[in-house]
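Participant: Chains as they are written, first to last, in the numbering used here: chain V, 1 to 244; chain P, 245 to 488.
Where is the CB? At the ideal position from N, CA and C, for every residue including glycine.
2 protein chains.
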Amino acid sequence: MILVSNSQIKLITSLQHKKYRNKLELFVAEGPKVINELITAKLQLHSLYSTLDGLFKNESVQIISEKELSKISSLKNANNSLAVFKIPNKKTYVENGITVVLDSIQDPGNLGTIIRLCDWFDVKNIICSLNTVDCFNPKVIQATMGSIVRVNIMYTVIEEFLAKSKFPVYVGAMDGSNIYKENLPDKAIIVVGNEANGVSTKIMNLANNKIAIPQFGVNQRTESLNVATATAILLSEFKRITVS
Amino acid sequence: MILVSNSQIKLITSLQHKKYRNKLELFVAEGPKVINELITAKLQLHSLYSTLDGLFKNESVQIISEKELSKISSLKNANNSLAVFKIPNKKTYVENGITVVLDSIQDPGNLGTIIRLCDWFDVKNIICSLNTVDCFNPKVIQATMGSIVRVNIMYTVIEEFLAKSKFPVYVGAMDGSNIYKENLPDKAIIVVGNEANGVSTKIMNLANNKIAIPQFGVNQRTESLNVATATAILLSEFKRITVS
Numbered sequence: 001m002i003l004v005s006n007s008q009i010k011l012i013t014s015l016q017h018k019k020y021r022n023k024l025e026l027f028v029a030e031g032p033k034v035i036n037e038l039i040t041a042k043l044q045l046h047s048l049y050s051t052l053d054g055l056f057k058n059e060s061v062q063i064i065s066e067k068e069l070s071k072i073s074s075l076k077n078a079n080n081s082l083a084v085f086k087i088p089n090k091k092t093y094v095e096n097g098i099t100v101v102l103d104s105i106q107d108p109g110n111l112g113t114i115i116r117l118c119d120w121f122d123v124k125n126i127i128c129s130l131n132t133v134d135c136f137n138p139k140v141i142q143a144t145m146g147s148i149v150r151v152n153i154m155y156t157v158i159e160e161f162l163a164k165s166k167f168p169v170y171v172g173a174m175d176g177s178n179i180y181k182e183n184l185p186d187k188a189i190i191v192v193g194n195e196a197n198g199v200s201t202k203i204m205n206l207a208n209n210k211i212a213i214p215q216f217g218v219n220q221r222t223e224s225l226n227v228a229t230a231t232a233i234l235l236s237e238f239k240r241i242t243v244s
Numbered sequence: 245m246i247l248v249s250n251s252q253i254k255l256i257t258s259l260q261h262k263k264y265r266n267k268l269e270l271f272v273a274e275g276p277k278v279i280n281e282l283i284t285a286k287l288q289l290h291s292l293y294s295t296l297d298g299l300f301k302n303e304s305v306q307i308i309s310e311k312e313l314s315k316i317s318s319l320k321n322a323n324n325s326l327a328v329f330k331i332p333n334k335k336t337y338v339e340n341g342i343t344v345v346l347d348s349i350q351d352p353g354n355l356g357t358i359i360r361l362c363d364w365f366d367v368k369n370i371i372c373s374l375n376t377v378d379c380f381n382p383k384v385i386q387a388t389m390g391s392i393v394r395v396n397i398m399y400t401v402i403e404e405f406l407a408k409s410k411f412p413v414y415v416g417a418m419d420g421s422n423i424y425k426e427n428l429p430d431k432a433i434i435v436v437g438n439e440a441n442g443v444s445t446k447i448m449n450l451a452n453n454k455i456a457i458p459q460f461g462v463n464q465r466t467e468s469l470n471v472a473t474a475t476a477i478l479l480s481e482f483k484r485i486t487v488s
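(1) Between which two residues does the alpha helix (DSSP H) holding Leu-255/P run?
(2) Please check the pair Ala-41/V and Ala-83/V, which I expect to be a contact at CB under 8 Å, by giving their CB distance rounded to whole angstroms.
(3) Please list the terminal residues of the continuous alpha helix (DSSP H) segment that includes Met-204/V.
(4) For Val-243/V, go through chain P and note every residue whose CB falls closer than 8 Å to its CB, in chain order.
(5) So is Val-171/V buried or exposed if we call it buried at 16+ other beta carbons inside 10 Å?
(6) Since Ile-233/V meets chain P, which of its residues come closer than 7 Å, beta carbon to beta carbon?
(7) Taking the DSSP output, what are the residues bridged to Lys-431/P?
(8) Classify Glu-274/P as helix, strand or coil using the three-state DSSP reduction.
(9) Enumerated in chain order, which unbroken segments of the beta strand (DSSP E) with a length of 3 residues or greater are wholly contained in the stretch 444 to 486 of chain P?
(10) Rounded to whole angstroms, what's the CA-CA distance from Leu-234/V to Ile-213/V? Just pull it up for me.
(11) What residue from Val-218/V, Pro-185/V, Asp-53/V and Glu-195/V has the CA that sits closest to Gly-109/V's CA?
(12) Using the Cα positions of Thr-201/V and Thr-229/V, report the straight-line distance between them to the nearest angstrom.
(13) If we call anything under 8 Å between Cβ atoms a contact, is Leu-102/V one with Val-192/V?
(14) Compare the C-beta of Lys-286/P with all C-beta atoms of chain V and state if any pair is closer than 8 Å.
(15) For a quick check, are the C-beta atoms of Leu-48/V and Gln-62/V less than 8 Å apart?
(16) What would DSSP say about Thr-400/P, mapped onto helix, strand or coil?
(17) Tell me, which residues are paired with Ala-327/P by DSSP?
(18) Does any residue of chain V bring its CB to less than 8 Å from the CB of Arg-265/P?
(19) Who does Asp-347/P pair with in a DSSP beta bridge?
(20) Expressed to the nearest angstrom, what Euclidean distance is found between the alpha-carbon atoms of Asn-79/V and Leu-24/V?
(21) For Ser-373/P, collect the residues of the same chain with a Cβ closer than 6 Å to its Cβ; drop the 5 residues on either side in sequence, then sort them by chain order.
(22) State yes or no: is the C-beta of Ala-163/V within less than 8 Å of the C-beta of Leu-206/V?
(23) From the DSSP output, which residues share a beta bridge with Ile-342/P?
(24) Which residues does DSSP list as the beta-bridge partners of Tyr-490/P?
(25) Closer than 8 Å by C-beta to Thr-466/P: which residues in its own chain qualify, once you throw out the five before and the five after it? Chain order, please.
(26) Here's a check: name, in chain order, each residue in its chain whose Cβ is nearer than 7 Å to the Cβ of His-290/P, leaving out the five neighbours to either side.
(27) What residue range does the beta strand (DSSP E) around Asn-131/V cover?
(28) Who does Asn-422/P pair with in a DSSP beta bridge?
(29) Going along chain V, which residues have a C-beta under 7 Å from Lys-383/P?
(30) Using the three-state DSSP reduction, which class does Ile-64/V fall into: helix, strand or coil?
(31) To the nearest angstrom, how far is it from the Cα of Ser-14/V to the Cα of Asn-58/V?
(32) Since Ile-392/P sits in a beta bridge, which residues does DSSP pair it with?
(33) Taking 8 Å as the threshold (C-beta atoms), are Ile-342/P and Thr-388/P in contact?
(34) Please determine, among Asn-266/P, Trp-364/P and Met-418/P, the residue with the shortest C-alpha to C-alpha distance to Asn-219/V.
(35) Use the C-beta contact count for Leu-225/V: other C-beta atoms within 10 angstroms, 16 or more gives buried, fewer gives exposed.
(36) Report yes if the C-beta distance between Lys-483/P and Asn-396/P is below 8 Å; otherwise report no.
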């Protein structure tokens, strides 16, 4: 059994921090399913560790103990394998179809779910505000289930992005018009916002349309919808019109 | 400062287990937002602890230290307050509108999100298979954001429930027909299934209709939709027809 060296442990655990991911241009993926998805997508593998033999074909794997894995894993319950990949080169943005813009999304699980949703609904581009959680955060990678390689994710000053966009901008807002009654275009920018505060006022002011998912029933006491859930419904509404 | 006694600690931590919740007919809620929602809904309060004074009006609160709170909390980062409530009496099931049936949902966050969604979409009843995660699990309570008091949740043998239902049964299935092309009724049973395996074959055989959310784009490689996300889209489709 090959031991994981202290310098390897130091490298891998440093990648839990955005600063080191950016500096080293590396990120961590955990669990055989996600790792295999990223390998299939031809991401460049830096190193691969597993407690089990035979999970990864044609790849050089370092077999390690459960104890060693738990030292390098960021998960409470490590999932038998961990890989370090090179962060892929950024693609250029081509305005097309639906683009999702994220204003200050903080929860890694929410970002991961939104990336997976965009992949499902064939949304090619996600534009994130600079304070949105980093998409190479290990928990985001986990939640995307491999979708991260198929969606183009960019971090930028979203006010500048929206000001330049040629497509109409739709912002999710509690006081927006009923999405089920809107005639939605097949080319649009959809903006969703922070878990606690929604979309910020300055972004709201750049929108052409405010849209809302109405609450049903007599006693409307539900404490909002989770942002990933709301994004699911918005994307479904924008894409269902393209089904013939 | 009043100290939390060992017997109190023992009682509260025992409530992390379903066995003791059922035996004692008590459950735990954490965080001032959820606790206040449950108080407003007139749930019977058993005891209330907080590191801060003045968060709860008209209630007797035991002020405790951060350290004491972390001893009784089930959260990694305890959220200043913890309450013990009496489990409310079960309501009787009245078949009406949309009912959601859950087949073996395991993740507390998913169940919590689905409860919150049902509240939003005015779904009165959720029927859970006996092996679905318990709705009084602290992580479920956390994710429901108070919606748990407004939705009737029952655990039963779902095969028997479905066999008796007068409304048409729709089951979410990868090979189902395109939901966007269906004429959906306003009275129906929607069944969604386990995170890894979907709805079980024996339940599938009891369905009148299999429905699917289609994947978009040319390269359809997305690893399914999360069950809570899929439920959001299904509920949106069933309820949007009622918007005039």
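Facilitator: From the atom records:
(1) 250 to 258
(2) Not quite, the Cβ-Cβ distance comes to about 12 Å (not below 8 Å), so this is no contact.
(3) 201 to 204
(4) Asn-422, Tyr-424, Lys-425 and Pro-458
(5) Within 10 angstroms of the beta-carbon of Val-171/V lie 16 or more other beta-carbons, which makes it buried.
(6) Ala-476, Ile-477 and Ser-480
(7) Bridge partners of Lys-431/P: none, in fact.
(8) Correct three-state label for Glu-274/P: strand.
(9) 453 to 456
(10) 8 Å
(11) Glu-195/V
(12) 22 Å
(13) Yes, they are a contact pair.
(14) no
(15) Using a Cβ distance threshold of 8 Å, Leu-48/V and Gln-62/V count as a contacting pair.
(16) strand
(17) Ala-273/P and Leu-292/P
(18) Judged by the 8 Å Cβ criterion, Arg-265/P is not in contact with chain V.
(19) Gly-437/P
(20) 24 Å
(21) Asp-347, Ser-348 and Ile-402
(22) Yes, these two residues count as a Cβ contact at 8 Å.
(23) Ala-432/P
(24) Outside the modelled stretch of chain P, which goes from 245 to 488, sits residue 490/P, for which no answer is possible.
(25) Gln-459
(26) Leu-270, Val-328, Phe-329 and Lys-330
(27) In the DSSP assignment, Asn-131/V falls outside any beta strand (DSSP E) and carries neither an H nor an E.
(28) Ala-456/P
(29) Per Cβ cutoff of 7 Å: no residues; Lys-383/P is ~13 Å from chain V at best.
(30) coil
(31) 27 Å
(32) Per DSSP, none; premise fails for Ile-392/P.
(33) no
(34) Trp-364/P
(35) buried
(36) no
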